[in-house]
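In this note's numbering, the protein residues as written are 19 to 140. Note that beta-carbon positions come from the ideal geometry of N, C-alpha and C, so glycine has one too. Note that the structure is a prediction, hence the values are computed from the model and not measured.
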Amino acid sequence: MIKSLYVVLGTFFMVLGLVGVIMPLLPTTPMLLLTVYFYAKGSERFHSWFTSTWLYQRYLDEFIRTNSMTLKSKWRLMLLVDGMLLMSFLTLDVWMLRVLIVILVVTKYWYFFTKIETRYNE
Numbered sequence: 019m020i021k022s023l024y025v026v027l028g029t030f031f032m033v034l035g036l037v038g039v040i041m042p043l044l045p046t047t048p049m050l051l052l053t054v055y056f057y058a059k060g061s062e063r064f065h066s067w068f069t070s071t072w073l074y075q076r077y078l079d080e081f082i083r084t085n086s087m088t089l090k091s092k093w094r095l096m097l098l099v100d101g102m103l104l105m106s107f108l109t110l111d112v113w114m115l116r117v118l119i120v121i122l123v124v125t126k127y128w129y130f131f132t133k134i135e136t137r138y139n140e
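Structure follows, in structure tokens:
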């Protein structure tokens with residue numbers, strides 16, 4: 019039962035990741051990372067299949083193997099997410115939610131630039 023739920027969640031996040039490829043407002047990489055996680059928990063067959071797809075190869079393979087990103091990829095992802103968070107920040111009237119968004123942005127930059135290695139060779 020639980021393994022089936024993992025496969026369903028993995029498929030859901032894979033579909034969101036595919037939508038993110040087409041619509042740049044939806045971040046692709048986090049959705050596909052969740053897909054890998056849930057497929058790994060739910061089914062070796064689904065996990066093996068997903069890791070052989072073009073989607074995985076293009077968006078996740080290098081990151082998962084090296085735990086690193088190019089500086090260009092980091093900035094592109096960071097600025098895209100910042101744009102979405104800025105829209106939320108500007109439309110919210112609740113100051114506590116605005117503070118939460120600022121904390122999220124600071125944490126995101128700290129994590130990306132201290133925990134994920136930057137590759138400069140590309």
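- Integer Cβ distance of R137 from M102, believed to fall under 8 angstroms: 25 angstroms between Cβ atoms; not a contact.
- Is T71 helix, strand or coil when you go by DSSP? DSSP places T71 in coil when its eight states are reduced to three.
- Task: Could you tell me which residues DSSP pairs with E135 in its beta bridges?
- Result: Paired residue(s): S86.
- Task: Output the distance between the C-alpha atoms of L104 and T132, rounded to the nearest integer angstrom.
- Result: About 23 angstroms.
- Helix, strand or coil for D111, going by three-state DSSP, please let me know. Correct three-state label for D111: coil.
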